[in-house]
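Asker: Following the working numbering, the numbering of the sequence shown begins with 8 at its first residue and continues without gaps.
Let me give you the structure first, and then I'll get to my questions.
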Amino acid sequence: MQVFDGVCNLEFYQPRNAMLLKTLCLITLLTTTLTDAKSLDKLSAIRDNIKTNEFKQITSVVIAQDQNIIYEQYFNGSDAETQHDMRSASKSITSLAVGLAIKDGLIKTVEQPVLPYFEDKLPLKNPDKRKSAITLEDLLTMSSLLECDDWNNASRGNEEKMYIIEDWTQFMLDLPIRGTAPWRQTPADSKYGRAAYYCTGGVQVLADVVERVTQQKMSAYLQAKLFNPLGIKPPINSFTPLGVTNGGGGMRLRSMDWIKIGQMMMDGGQFDQQKVLDKQWIDDSLSRKAVIDVNRGIEYGYLWWIFDFVVEEQNITAFAAAGNGGNYLFMLPALNAQVVITSQAYNTNYAHPQSQKILTEHVIPALLKR
8 MQVFDGVCNL EFYQPRNAML LKTLCLITLL TTTLTDAKSL DKLSAIRDNI KTNEFKQITS
68 VVIAQDQNII YEQYFNGSDA ETQHDMRSAS KSITSLAVGL AIKDGLIKTV EQPVLPYFED
128 KLPLKNPDKR KSAITLEDLL TMSSLLECDD WNNASRGNEE KMYIIEDWTQ FMLDLPIRGT
188 APWRQTPADS KYGRAAYYCT GGVQVLADVV ERVTQQKMSA YLQAKLFNPL GIKPPINSFT
248 PLGVTNGGGG MRLRSMDWIK IGQMMMDGGQ FDQQKVLDKQ WIDDSLSRKA VIDVNRGIEY
308 GYLWWIFDFV VEEQNITAFA AAGNGGNYLF MLPALNAQVV ITSQAYNTNY AHPQSQKILT
368 EHVIPALLKR
């Protein structure tokens with residue numbers, strides 16, 4: 008049973024006695040309206056600010072707490088069935104695919120080196136014995152020694168240069184070893200012993216690994232092992248010119264699909280009494296492994312972002328899947344909540360700040376008052 012913005016929603020768990028639950032939902036709604044006025048004011052302001060265009064190009068905001076949907080609104084032509092292009096947020100789904108392959112015994116450990124999976128790509132350009140030491144974990148934490156930096160247009164491994172090559176994996180493995188600029192810390196001097204550089208190409212290599220060990224498209228593997236157990240209909244996927252599932256972005260899911268993924272993560276890999284993923288993989292994925300943004304001190308797990316916010320003098324940690332345009336799934340363990348914000352503000356300087364403002368100035372304060 009869910010209550011959101013004056014509407015009762017029975018879809019999330021599809022209870023047997025829908026009429027009874029609907030009655031209870033309406034009673035709960037009346038109680039919520041009386042007791043959570045301040046909380047509802049904060050949430051109502053989200054819609055108002057989107058309508059006045061203070062928050063631009065937002066397409067949905069969905070909030071779940073204690074396994075109930077407390078807010079679900081769609082904007083700018085989207086609705087509950089819209090499959091949103093959350094861009095790089097789907098990198099986090101690639102991390103889950105690696106975890107599933109480990110659960111199925113197809114990958115032994117993240118410490119395995121990458122190159123043995125790609126003997127057909129040898130010999131590589133820019134040969135260097137250090138390439139043989141690159142592990143799956145290096146790619147999961149974006150801290151391999153390959154010269155790849157999407158945030159630097161001059162980088163040889165910048166993703167825009169990869170997209171015009173037919174074989175994305177070959178493009179990545181052929182890159183030279185990265186040097187360390189004088190103003191950057193070496194891996195040895197970096198926090199956690201890793202120097203992270205945001206690199207879509209490395210995530211694509213992981214997708215290729217998943218397809219090789221499962222002997223099927225990663226999209227099909229995810230549907231069988233992740234999306235079907237969560238009751239998620241097939242997403243819209245994209246593929247490389249060679250037909251490998253795009254692991255770095257472009258997977259389109261509904262907002263409620265992301266809520267289910269977040270709930271499964273926060274429940275340690277369980278969903279609706281099913282074990283979808285090993286709890287150890289969830290714990291490892293959300294553990295601090297590297298600093299992905301040195302200037303802002305933002306940390307990173309296995310393709311999951313880790314934000315530390317201060318809201319109303321409280322420290323709130325958010326684990327997130329994040330993508331261009333200000334697209335997010337936020338998981339807030341301290342509040343037992345998940346928040347999905349979708350947006351089409353691609354390649355704008357306000358995209359991420361406005362989505363984080365929705366979270367920190369509206370959503371979290373509302374949750375704190377509930």
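C-beta atoms are modelled at their ideal positions from N, C-alpha and C, and glycine is treated no differently.
(1) Mind pulling the beta strand (DSSP E) runs of 3 or more residues that sit fully within the region 249-319?
(2) Counting C-beta neighbours from all protein chains within 10 Å, is the total for Asp215 16 or more, i.e. buried, or is it exposed?
(3) May I ask you to report which of helix, strand or coil DSSP gives Thr324?
(4) For Ala325, which option in Leu339, Asn331, Leu107 and Arg94 has the closest C-alpha, if you only look at C-alpha atoms?
(5) Once you ignore the five residues that flank Thr193 on each side, which residues in its own chain have a CB closer than 8 Å to its CB?
(6) Tell me where the alpha helix (DSSP H) around Met225 begins and ends.
(7) Do Val105 and Val217 count as a contact pair if the criterion is CB distance below 8 Å?
(8) Does the beta-carbon distance from Tyr204 to Asp156 come in below 8 Å?
(9) Below 6 Å CB to CB, which residues in the same chain sit around Pro183 once its five sequence neighbours on both sides are set aside?
(10) With respect to the beta strand (DSSP E) encompassing Gln345, which residues constitute its N-terminal and C-terminal limits?
(11) In whole angstroms, give me the CA-to-CA distance for Asp181 and Leu131.
(12) Quick one: any contact between the region 344-362 and the region 275-292, if contact means 3 or more CB pairs under 8 Å?
(13) With a floor of 4 residues, list each alpha helix (DSSP H) that falls wholly inside the region 146-179, ordered by position along the chain.
(14) Locate the alpha helix (DSSP H) running through Asn75, then write down its first and last residues.
(15) Taking the beta strand (DSSP E) that Leu339 belongs to, which residues open and close that run?
(16) Going by alpha carbons, who is nearest to Phe246 out of Trp175, Arg261 and Asp291?
(17) Tell me which residues share the same chain as Trp383 and place their Cβ nearer than 6 Å to its Cβ, disregarding the 5 neighbours each side in the sequence.
(18) Would you report the Cα separation of Lys376 and Glu319, rounded to the nearest angstrom?
(19) Whose C-beta lies closer than 6 Å to the C-beta of Phe62 among residues of the same chain, with five residues either side of it excluded?
(20) Can you tell me which of Gly255, Gly333, Leu310 and Ser85 puts its alpha carbon nearest to the alpha carbon of Ala5?
(21) Quick one: what does DSSP say Pro134 is sitting in, helix, strand or coil?
(22) Determine the DSSP secondary structure at Ile184, reduced to helix, strand or coil.
(23) Taking Cβ positions, are Ala373 and Leu50 nearer each other than 8 Å?
(24) If you follow the alpha helix (DSSP H) that Ser99 is part of, which residue opens it and which one closes it?
(25) To the nearest angstrom, how far is it from the Cα of Gly200 to the Cα of Pro189?
(26) From the DSSP output, which residues share a beta bridge with Gly200?
Answerer: For this structure:
(1) 297-300, 305-307 and 312-318
(2) buried
(3) strand
(4) Leu339
(5) Thr187 and Ala202
(6) Met225 to Leu229
(7) yes
(8) yes
(9) Asn133 and Glu154
(10) Ala344 to Ser350
(11) 5 Å
(12) no
(13) 166-169
(14) Here Asn75 belongs to no alpha helix (DSSP H); instead the beta strand (DSSP E) covers Asn75 to Tyr81.
(15) Asn334 to Leu339
(16) Trp175
(17) Residue coverage of the chain in this structure runs from 8 to 377, which leaves residue 383 outside it and unanswerable.
(18) 11 Å
(19) Asn56 and Gln361
(20) Lying before the first or after the last residue shown, residue 5 is absent from the chain, which here runs from 8 to 377.
(21) coil
(22) strand
(23) yes
(24) Lys98 to Lys110
(25) 17 Å
(26) Answer is none; Gly200 lacks a bridge partner.
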